[in-house]
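When we follow this note's numbering, the leftmost residue of the sequence shown carries the number 14, and every step to the right adds one. Beta carbons: idealized from backbone N, C-alpha and C, even for Gly. Working notes, structure below.
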Amino acid sequence: MTAFDIHPAAEQEMEAPELSGIDVRDLESLYHAQRDYPASLFQPHPVNGTGFIYIEQGEGEHRIDGGVYPYQAGSLIFVDEGQRHAFDPSDRPLGKMVTIPSSFFAECAFTIRHSNFVPFRLSLLCAPVLQLTPDQSASCKRLLSQIAAAKEDAGIDAIMVQLLFSALVHKLSNYSSHQRSVANDPCRQRFDEFLALLEEGYQQGREVKCYANQMALSYKQLNLLCKRCSGRTAKQLIDLRVNLAITRKLREEEGCIQAIADEFGFDDITNFVRYFKRHNQLTPSGYRAAYQGQRHHPDG
């Protein structure tokens, strides 16, 4: 099963991604699975969850939300929930497609306390294509193979998959940070400044104007900056960070939901429930119950 809907006509029939599942598939298997719909992979189709395409062989252009991004062997192409993407019809690259349900990041942030999953999730929005050196590409390929093998081994605990994925995330974050610093793009630096402010202040405020004031920007200027660097508005990025933190709290703590609402500045529990349900399609109590049920019955 993949979290990518590669045939728009069948969108309503796709299964929801597993709560904590990470999927690694050969691109060749996707081509084979879609042999009856040869055009569907090469037309814009929606992304459900976060993921990336690792190119082992091939050279072409990938389309994401109307943008065109060149790739070659060693490229990682990031796609995020809500975007639409399409493969190059003139190329059939070889490699892997990795899909990660949104809940997986929150779960890993709970299990691996010192990981950098949240900054990594946000950084995926900064630059859709990351070009790896041959050594970096080989290292990435080995980790992906280990993750895929661990997923197939029924005797391996889910935490092992999280640890392997954590190692991959740390590597990719380091590679991405290095490339951004080399670029020395003033807009990228300002966007990184916004992400740093967001990481420090997401619990105190969800208003775009608050962050814009700290950066001496107008509301419109901050939105334009975020759109240019990530394709998302400032509000969408703020909500992404807040939602990841709330889901972690619901998994980690047994306290009442009202206390979590208060901690994140919601003055009314009804507003908190409505906010959470808009982003997760479940109420906070329903989300916690689903997570606890899966943890107690992992094979169910």
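For residue i, write down the residues that DSSP places opposite it in a beta bridge.
i	result
residue 174	None, per the DSSP bridge assignment.
residue 91	65
residue 294	Partner(s): none; residue 294 has no beta bridge.
residue 112	36, 64
residue 76	81, 99
residue 58	98
residue 144	88
residue 107	70
Work out the CA separation of residue j and residue i for me, nearest whole Å.
i	j	result
residue 298	residue 271	11 angstroms
residue 220	residue 186	27 angstroms
residue 202	residue 88	23 angstroms
residue 117	residue 199	32 angstroms
residue 300	residue 206	32 angstroms
residue 228	residue 53	43 angstroms
residue 104	residue 216	45 angstroms
residue 255	residue 182	20 angstroms
residue 127	residue 43	The pLDDT assigned to residue 127 is 41, lower than 50, so where the model puts this residue is not dependable; a value taken from the coordinates is nonetheless given after this. Near 35 angstroms, if we compare the C-alpha coordinates of residue 43 and residue 127.
residue 250	residue 113	18 angstroms
residue 188	residue 245	22 angstroms
residue 339	residue 305	Shown here, the chain extends from 14 to 313; a query on residue 339 therefore has no answer.
residue 174	residue 184	16 angstroms
residue 98	residue 65	11 angstroms
residue 295	residue 289	7 angstroms
residue 46	residue 40	10 angstroms
residue 285	residue 148	46 angstroms
residue 180	residue 169	17 angstroms
residue 161	residue 280	44 angstroms
residue 80	residue 62	19 angstroms
residue 108	residue 150	11 angstroms
residue 293	residue 276	19 angstroms
residue 291	residue 260	13 angstroms
residue 197	residue 209	Legend: pLDDT at residue 197 = 48, less than 50; position of this residue unreliable, no value from coordinates given.
residue 93	residue 226	28 angstroms
residue 55	residue 86	19 angstroms
residue 211	residue 167	39 angstroms
residue 282	residue 252	17 angstroms
residue 268	residue 302	13 angstroms
residue 59	residue 152	29 angstroms
residue 34	residue 230	40 angstroms
residue 274	residue 287	11 angstroms
residue 96	residue 78	6 angstroms
Is the CB-CB distance between residue i and residue j below 9 angstroms?
i	j	result
residue 106	residue 70	yes
residue 142	residue 100	no
residue 76	residue 57	yes
residue 36	residue 164	yes
residue 82	residue 72	no
residue 158	residue 204	no
residue 232	residue 222	yes
Since residue i and residue j should fall inside the 8 angstroms C-beta cutoff, what is the C-beta to C-beta distance between them, to a whole number of angstroms?
i	j	result
residue 177	residue 156	6 angstroms
residue 111	residue 67	7 angstroms
residue 214	residue 278	With 8 angstroms as the limit, residue 214 and residue 278 do not qualify as a contact, their Cβ atoms being about 11 angstroms apart.
residue 258	residue 224	Contact flag wrong, Cβ pair sits at about 16 angstroms.
Does the region 229-247 come close enough to the region 257-276 that 3 or more CB-CB pairs lie under 8 angstroms? Result no; under three Cβ-Cβ pairs closer than 8 angstroms.
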